[in-house]
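Accompanying notes for the structure given below.
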Amino acid sequence: MHWADVLAKKLAPKADHHVLATGITPSGPIHIGNMREVLTTDAVYRSLIKQGADAEFIYIADDYDHLRKVYPYLPKTYEQYVGQPISEIPCPCEKHDSYADHYLFAFLDSLEEIGVEPRVYRASEMYKTGVYRLAIETALEHTEDIKEIIERVSKRSLPKHWLPFNVKCEQCNRLTTTKPELYEYPFIEYSCECGHSGKCDIRKDGVGKLPWRVDWPARWKNLKVTFEPFGKDLGTTGGARETGEEIVEKIYDYSAPEFTMYEFILLKGKGAMHSSKGTALSANDMLQMTPPEVLRFLMMKNQPAKHITFDPGFGLLNLVDEYDQAERMYFGEEERIKGWKDLDAIYELSQPGTIPTSLPYQIPFRHLVTVVQIGESWEDIKNILYRTGQLPDTISTKDEKHLQKRKDHAEYWLNHFAPKAVRFTVQKKLPKIDFSDEEKKVLQEIASSADTISWTAENIHNLIYSIAENQSLSPKKAFTAVYKAILGEKRGPRAGFFLSNLDQSFVIKRFSEASS
RNA sequence: GGGCCUGUAGCUCAGCUAGGCAGAGCAUCUGGCUUUUAACCAGGUGGCCAAGGGUUCGAAUCCCUUCAGGCCCGCCA
Numbered sequence: 000m001h002w003a004d005v006l007a008k009k010l011a012p013k014a015d016h017h018v019l020a021t022g023i024t025p026s027g028p029i030h031i032g033n034m035r036e037v038l039t040t041d042a043v044y045r046s047l048i049k050q051g052a053d054a055e056f057i058y059i060a061d062d063y064d065h066l067r068k069v070y071p072y073l074p075k076t077y078e079q080y081v082g083q084p085i086s087e088i089p090c091p092c093e094k095h096d097s098y099a100d101h102y103l104f105a106f107l108d109s110l111e112e113i114g115v116e117p118r119v120y121r122a123s124e125m126y127k128t129g130v131y132r133l134a135i136e137t138a139l140e141h142t143e144d145i146k147e148i149i150e151r152v153s154k155r156s157l158p159k160h161w162l163p164f165n166v167k168c169e170q171c172n173r174l175t176t177t178k179p180e181l182y183e184y185p186f187i188e189y190s191c192e193c194g195h196s197g198k199c200d201i202r203k204d205g206v207g208k209l210p211w212r213v214d215w216p217a218r219w220k221n222l223k224v225t226f227e228p229f230g231k232d233l234g235t236t237g238g239a240r241e242t243g244e245e246i247v248e249k250i251y252d253y254s255a256p257e258f259t260m261y262e263f264i265l266l267k268g269k270g271a272m273h274s275s276k277g278t279a280l281s282a283n284d285m286l287q288m289t290p291p292e293v294l295r296f297l298m299m300k301n302q303p304a305k306h307i308t309f310d311p312g313f314g315l316l317n318l319v320d321e322y323d324q325a326e327r328m329y330f331g332e333e334e335r336i337k338g339w340k341d342l343d344a345i346y347e348l349s350q351p352g353t354i355p356t357s358l359p360y361q362i363p364f365r366h367l368v369t370v371v372q373i374g375e376s377w378e379d380i381k382n383i384l385y386r387t388g389q390l391p392d393t394i395s396t397k398d399e400k401h402l403q404k405r406k407d408h409a410e411y412w413l414n415h416f417a418p419k420a421v422r423f424t425v426q427k428k429l430p431k432i433d434f435s436d437e438e439k440k441v442l443q444e445i446a447s448s449a450d451t452i453s454w455t456a457e458n459i460h461n462l463i464y465s466i467a468e469n470q471s472l473s474p475k476k477a478f479t480a481v482y483k484a485i486l487g488e489k490r491g492p493r494a495g496f497f498l499s500n501l502d503q504s505f506v507i508k509r510f511s512e513a514s515s
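Going by numbering that gives the first Met the number 0, the first sequence opens with residue 0, and the numbers climb by one from there.
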């Protein structure tokens, strides 16, 4: 059974209505780990629905969280906003209403791209519309109990006047610099590092925020969350998960949600990703280079608890190939590999939209990677594919759209991540390179015999070989001449296949020029 | 110190959440194509499933112990 089905089956009988939550703070560019959390939740959600359970998928954007520091991608002027809620500080690009919106909208776009549509909640709105009011009052009533739980479970000590509420300073708008002096319902007297001291009425909305370890359990209660996965860092002993479980049960009288813990995604050759160390791959890059169904496939075929190594180099090609192969096996076009478990569930969960009813038209991604570098527009590329018989005369619009998207991904990959070895540029004019006499001779021969063959990969390949042999030249040298004339380099994609993708008369003309 | 994950062919890994013949890809070897763009096709070699113990008719799979490696433990996925 697929892991999502196992989790869903365990979860199903525990509630009549399930709320599956994912909570990601839009404090910076989303990265691929965020995608794992979302997709893990989505998989369990889909499985519950499939099993006939009543379930809903929500995303809580903690946009009331404070800015922790001036991240490397921010201007230095953001120093003044550190400590303030990210929904109340300016947008870095000035196009959105707030800093939080800037990253939140990008994230939501990415979610749409991979076929995930949760109901979105914003912490800032919940704090400002009173959703949290009761939770705040309850927490403050139980200050000593909460303090005891946190100190005992997490083994850290809290200050003497600690309250489970961070007051937002009226003067400087920061959540992190206020110190409570006295709490007497409904007022908290506080002083702030900015020099201001004041009185905060907790009955008013948006005057402060529960600290993370209390905010999380309060959220479970408020939104009736029954399932929420989290990263391994939060699963550690004494972590927020452990204190949260006890707080939600003892203080908020609500059962802690079920969960699964997921591992990090490592970048091949670089290990764990850290935004601060510049080893992170943004979700945007990942989505631009990887077709959405392939990205989902990567997550679905791995148990959440296993780490995933993502290789943005050649590994991406293998991954896409593997997906295509799984797709062929799913539709019975290829024999299933023994040991490939849960193929059907994995394939179905990998679909961002509806599950295809027949095999989508496939073109190997590797071929696309070559063709994309020859044609400039989609029309060019389509014509090449038609000419070489890689596209049937009639192709459904759906298949065409699918291929076109694959092409976009291939292009992005080529421009940003592909190893040099697979990149090339067809030179518009004859490269200014010297050709040896024997190279000229080979090119001359090819040019003059080329119109005697039909322009297919195999014929071209054979032609080059026979000409090289006639001139007792090593095939390798013949190939080098070809690449020099077309690409201005000594190497290139497989010659027969490559030249067959180019226009025959163009090749003849170029070879004639080079040999004259 | 605590927690989690991993250990299966030379390499990268499936298979472990239904206990029932040990599986792929790459590499290697053989044969084929005058064939290079990570070449391709057909076939073969290759494993005490980290070690030890337990449960079982039967264990890579479940349980216990040990060893080795990785990651996490202010915030972070």
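Ideal Cβ placement from N, Cα and C applies to all residues, glycine included.
Span of the beta strand (DSSP E) around residue i
i: D200; result: S196 to D200
i: S190; result: F186 to C191
i: K178; result: T177 to E183
Nearest-angstrom beta carbon gap, residue j and residue i [assumed within contact, 8 angstroms]
i: I149; j: T242; result: 5 angstroms
i: N264; j: R35; result: Checking the displayed sequence, the identity of residue 264 turns out to be Ile instead of Asn. Contact holds; Cβ gap of about 6 angstroms.
i: A54; j: H17; result: 4 angstroms
i: L462; j: S448; result: 6 angstroms
i: T225; j: L6; result: Contact flag wrong, Cβ pair sits at about 12 angstroms.
i: E332; j: L358; result: 6 angstroms
i: E347; j: L10; result: The pair is not a contact, with the Cβ atoms about 19 angstroms apart (cut-off 8 angstroms).
i: H65; j: T175; result: 6 angstroms
i: P158; j: L209; result: Between L209 and P158 the Cβ distance is about 17 angstroms, and since that is not below 8 angstroms, they are no contact.
i: Y126; j: G197; result: Not a contact, Cβ separation roughly 18 angstroms.
i: S514; j: K439; result: 4 angstroms
i: G487; j: I432; result: 6 angstroms
i: E180; j: H160; result: 7 angstroms
i: S26; j: Y80; result: Not really, about 12 angstroms apart at Cβ, beyond 8 angstroms.
i: I362; j: Q389; result: 6 angstroms
Own chain residues within Cβ distance below 8 angstroms of residue i, not counting five before or after
i: Y120; result: I57, Y58, I59, A60 and L222
i: H195; result: C168, E169, Q170 and C171
i: K154; result: G237
i: L342; result: A325, M328, Y329 and R335
i: F364; result: L316, V319, D320, D323, R405 and A409
i: K483; result: P430, I432, F434, E438, K489 and A513
Chain-order list of residues whose beta-carbon lies under 6 angstroms from that of residue i (same chain, five-residue window excluded)
i: T393; result: none
i: T39; result: P228, Y261 and P303
i: F478; result: A494
i: I459; result: G495, L498 and S499
i: S511; result: A446
Residue span of the alpha helix (DSSP H) that contains residue i, given as start and end
i: I507; result: Q503 to S514
i: L233; result: Unbroken run through L233: none, as it is neither H nor E.
i: R151; result: T142 to S153
i: T396; result: T396 to H415
i: I250; result: Run containing I250: none; DSSP gives neither H nor E here.
i: I380; result: W377 to R386
i: E466; result: At residue 466 the sequence reads Ile, which differs from the Glu that was named. Residues A456 to N469.
i: Q426; result: Premise fails: Q426 is in no alpha helix (DSSP H) and is neither H nor E.
i: T479; result: P474 to L486
i: K127; result: A122 to K127
i: E292; result: P291 to M299
i: L538; result: Any property of residue 538 remains undetermined from this structure, which presents the chain solely from 0 to 515.
i: S435; result: That residue, S435, is in no alpha helix (DSSP H); it is neither H nor E in DSSP.
Beta-carbon proximity list for residue i, same chain, < 7 angstroms, skipping 5 on both sides
i: S156; result: E150
i: Y253; result: W219, K220 and V247
i: Y411; result: Q287 and M288
i: T137; result: I250 and Y251
i: E244; result: A255
Per DSSP, cross-strand counterpart(s) of residue i
i: S281; result: H30
i: E55; result: V18
i: K208; result: N165
i: M260; result: F229
i: I307; result: I264
i: P492; result: Partner(s): none; P492 has no beta bridge.
i: P84; result: H65
i: A420; result: Note: A420 sits in no beta bridge, so no partner.
i: A60; result: R121
What alpha helix (DSSP H) runs, 4 residues minimum, are completely inside the region 328-366? 342-348
Please give the ranges of any alpha helix (DSSP H) in the region 87-118, keeping only runs that are unbroken, at least 4 residues long and fully inside the region. 98-112
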